[in-house]
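A.B. asks: Under full-length UniProt numbering, the first residue of the sequence shown is numbered 1, with each subsequent residue one higher.
From the three backbone atoms N, C-alpha and C, an ideal C-beta is built for every residue, glycine too.
Keep in mind the model is a prediction, meaning the values are calculated, not measured.
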Amino acid sequence: MSARVDIPADTSAAAKGTAPLIAASTHVNGGYKKGLAIFDLVLRLGAVVTALAAAAAMGTSEQTLPFFTQFFQFQASYDDLPTFQFHVIAMAIVSGYLVLSLPFSIVAIVRPHATGPRLLLIILDTVALTLNTAAAAAAAAIVYLAHNGNSSANWLAICQQFGDFCRKASGAVVASFIAAVLLLFLIVISALALRKR
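Here's what the structure looks like:
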């Protein structure tokens, strides 16, 4: 009597040698998403700086021109125009949101496969982009009028007299459009990171 045990041939993926390839593919995918998360953090920091610069430049734009005597002066300030006030408030809100979103971006680096923080960021980034674009576009229209005026409405161009005021306001508008582009890239990055593969 012989003791013989039949062992069936192993057909599992590990026995065929494909298991290390699956693990390597998962590792590469995790590295791809981690790289996107790091790029997201860098862009988010750049957007914070740009949005703060836009709010600060517009909030400090003012110029006073003396006329005959020091008692009679012409003054241009951002708070003379409600559109510029909206720009300052909106850009301050956007920069505040971007600062508050930094921890979620760091969580996305630590846990690149987590979809919750990414989904939250893509929704709130879209809201911030909308607010940023509205403020930038409205301020750009007023800056255009300040530079060129409108002869049909009998509005005079004031930038020939208030050059410093117009330079600061124009710089703030440019900075706010740069922040809008950075927010757009952040939305694209979050969308790419939410892909399944």
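(1) Do you know offhand how far THR60's Cα is from LEU124's?
(2) According to DSSP, is ALA134 part of a helix, a strand, or is it coil?
(3) Just reading off the alpha helix (DSSP H) that SER105 is part of, what are its end residues?
(4) For ALA114 and ASN150, what's the separation of their Cα atoms in angstroms?
(5) Pop quiz: SER95 and LEU52 are said to be a contact at Cβ under 8 Å. What is the actual Cβ separation, rounded to whole angstroms?
(6) Could you tell me if ALA141 is buried or exposed, where buried requires 16 or more neighbouring beta carbons within 10 angstroms of its beta carbon?
(7) Out of VAL42, TYR32, GLY35, GLN63, point me to the one whose CA is closest to PHE165's CA.
(8) Apart from the five residues just before and just after VAL107, which ones in its own chain have a Cβ nearer than 6 Å to its Cβ?
(9) Could you check where the alpha helix (DSSP H) with ALA157 kicks off and where it finishes?
(10) For LEU119, count neighbouring Cβ atoms within 10 angstroms of its own Cβ and tell me buried if that reaches 16, exposed if not.
(11) Look up ALA114 in the DSSP assignment and say whether it is helix, strand or coil.
(12) Could you tell me if LEU156 is buried or exposed, where buried requires 16 or more neighbouring beta carbons within 10 angstroms of its beta carbon?
(13) Measuring only the C-alpha atoms, how far is HIS87 from ALA139?
(14) Give the DSSP bridge partners of ALA76, in chain order.
(15) Does the stretch 41 to 52 touch the stretch 180 to 192, meaning 3 or more C-beta pairs lie closer than 8 Å?
(16) At the level of alpha carbons, what is the spacing between SER190 and CYS159?
(17) Kindly list the residues whose CB is nearer than 7 Å to the CB of LEU36, restricted to its own chain and excluding five residues on each side of it in sequence; keep chain order.
(18) Can you pull the DSSP bridge partners for ASN150?
(19) How would you label VAL143, buried or exposed, when you count the other beta carbons within 10 angstroms and need 16 or more for buried?
C.D. replies: The short version:
(1) 28 Å
(2) helix
(3) 82 to 110
(4) If I take the Cα positions, the gap works out to 53 Å.
(5) Separation of the CB atoms of SER95 and LEU52 is rounded to 5 Å, and the pair is thereby assigned contact status at 8 Å.
(6) Classification of ALA141: exposed, given that the 10 Å Cβ count is below 16.
(7) GLN63
(8) PRO117
(9) First-last for ALA157: undefined, no H or E at that position.
(10) exposed
(11) coil
(12) Only exposed fits LEU156, as fewer than 16 other CB atoms lie within 10 angstroms of its CB.
(13) 6 Å
(14) GLN63
(15) yes
(16) 41 Å
(17) ILE189, LEU192, ALA193
(18) TRP155
(19) buried
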